[in-house]
Amino acid sequence: MTISLLKSKRGVSPVITVIILTAIGVVVAIVAMLWASGLTGSFMGREEIRAELYGCYSEGDLFVIRARLKNLGNVPSQVSSITINDAPLTAIEGIGLHWVSERGESGDGVPIPLRTGVSVDVELTIPQGASYSGGILTSGMVINLGFRSSPSGYDYKMTVRLP
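Numbered by numbering that gives the first Met the number 0, the letters in the sequence shown go through residues 0 to 162 in order.
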């Protein structure tokens, strides 16, 4: 009796099976592509720092450069080094660095913590005529100011004309 019941049942057509398996494969491929490209990225951290120049002037025999850094990403970061024309600040004699965050934290030198959504004001003081590996910093000179973030190692640069 059970054998006669099984003989009357029909299976899925091979064509339908191929269509179903192909559809499943396409769905898996789309999900893998979205995951790999970060479109499902609420779980994936991204670093994005905006660096803006908001002041450059002379004060006595010093050049004063003021910049604002803001972490627009969703992970905390920090500025691990600052460069002028690709020379580290430590290679320039007499340079000063002071920073203040909008939360009231402050410090001199690096690292500069960049918490998510928080702005940090950075002030560099450079003696006029200071020398570095690329020459002498003088009035009217155009410099490239670079902020290297950590842990990503990205460089955020801005161009500044010394007054």
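The beta-carbon is built from N, C-alpha and C at its ideal position, and this holds for glycine as well.
L68 is positioned such that its CB atom lies no closer than 8 Å to that of V99. With 16 or more other Cβ atoms from the protein chains shown falling within 10 Å of its own Cβ, Y131 counts as buried. Annotated three-state conformation of I64 is strand, per DSSP. Pairing V63 with L88, the inter-Cα distance amounts to about 14 Å. Annotation for V99: the continuous beta strand (DSSP E) segment containing it runs G95 to S100. Put simply, the backbone Cα of S149 is about 6 Å away from that of S79.
Take A129, set aside five residues on each side of it, and the residues of its chain with a beta-carbon closer than 8 Å to its own are I91, E92, G93, I94, I135 and L136, in chain order.
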